[in-house]
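Student: Residue numbers (my numbering): -18 to 205. Before I ask anything, let me first share the structure, which is written out below as structure tokens.
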């Protein structure tokens, strides 16, 4: 089976988006080229990443990092896996600040890893992104959006469009100067022209959603 590389050529993606969508191209000229995410180059452990995603849910980055640090200290490891998470009981997780629902999610993740139900990074390299999503969303506490973030920022898959993400929808609304955010279904249809580089389009939509000045013709480029 063909292997999927981690990452893609952002210059090719940039050129494709500029050709395929005139409205988005105007924003691209305003914002300039976006770099490839740093996560494509870093070592990556899917199970550990999912465990951390569970712990970070609905918390500020600082609060979540504190809790993760306590868990790492309690298990004596920076690797969150079935073998290390088994070293701490639920009371110990609570003492670290982990909620009951998150403890259940971590236990489910560990159980599935031990049972061989989760694809390894090597196996993911030959899997279509929808197959990866289907393999991981049965884990308690792991939804489609969480897996999409892994696909985009860690696995570097080129054609991911998180249609339920509010930032993505807001960015699309600004691109089209629409009165309301598009529905997920409408966004999926709108995004067909961005394929096979919907991931790179998504990076722009997030930036556009946060941009404070509407783009307009000018000789001097404004700074983001």
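Don't be surprised by glycine CBs; every beta carbon is placed ideally from N, CA and C. As the structure is a prediction and not an experimental result, all values here were calculated from the model.
1) Taking only three categories from DSSP, how would you classify residue 39?
2) Quick one: any contact between the segment -17 to -4 and the segment 100 to 110, if contact means 3 or more CB pairs under 8 Å?
3) Counting Cβ pairs closer than 8 Å, one from the segment 58 to 77 and one from the segment 136 to 149, do we hit at least three?
4) Counting only runs that start and end within the segment 62 to 94, where is the alpha helix (DSSP H) found for 4 or more residues in a row?
5) Closest by CA to residue 75, which one among 185, 49, 9, 181?
6) Note down the Cα distance separating residue 46 from residue 31, rounded to an integer number of angstroms.
7) Is the beta carbon of residue 190 sitting closer than 8 Å to the one on residue 155?
8) When DSSP labels each residue in this structure, what does residue 34 get in the three-state scheme?
9) With a 10 Å radius around its C-beta and 16 neighbouring C-beta atoms as the bar for buried, classify residue 83 as buried or exposed.
10) Classify residue 120: buried if its beta carbon has 16 or more other beta carbons within 10 angstroms, exposed otherwise.
11) Closer than 8 Å by C-beta to residue 67: which residues in its own chain qualify, once you throw out the five before and the five after it? Chain order, please.
12) Just the C-alpha distance for residue 132 and residue 29, rounded to the nearest angstrom, thanks.
13) Is it buried or exposed for residue 0, if we count other Cβ within 10 angstroms and need 16 for buried?
14) Measure the Cβ-Cβ separation of residue 21 and residue 185 and say whether it is below 8 Å.
15) Under DSSP, the alpha helix (DSSP H) around residue 181 begins and ends at which residues?
16) Assuming residue 1 is part of the alpha helix (DSSP H), what are its boundary residues?
Tutor: In terms of the structure at hand:
1) Judged by DSSP in its simplified three-state form, residue 39 adopts coil rather than helix or strand.
2) The answer is yes - the segment 100 to 110 touches the segment -17 to -4, with three or more Cβ pairs under 8 Å.
3) Proximity of the segment 58 to 77 to the segment 136 to 149 falls short of the contact definition, fewer than three beta-carbon pairs being nearer than 8 Å.
4) Listed in chain order, they are 63 to 66, 71 to 76.
5) The residue with the shortest Cα to Cα distance from residue 75 is 49.
6) For residue 46 and residue 31, the distance between alpha carbons rounds to 14 Å.
7) Note that the C-beta distance between residue 190 and residue 155 is below 8 Å.
8) Residue 34 sits in a helix when the DSSP states are folded into three classes.
9) Label assigned to residue 83: buried.
10) That one is buried.
11) Within the same chain, Cβ atoms closer than 8 Å to the Cβ of residue 67 are found at 91, the five residues on either side in sequence being excluded.
12) Distance between the alpha carbons of residue 132 and residue 29: 15 Å.
13) Exposed, since its Cβ has fewer than 16 Cβ neighbours within 10 Å.
14) Taking 8 Å as the Cβ cut-off, residue 21 and residue 185 do not qualify as a contacting pair.
15) Looking at the DSSP string, the run of the alpha helix (DSSP H) that includes residue 181 is 179 to 191.
16) Element bounds for residue 1: -9 to 1.
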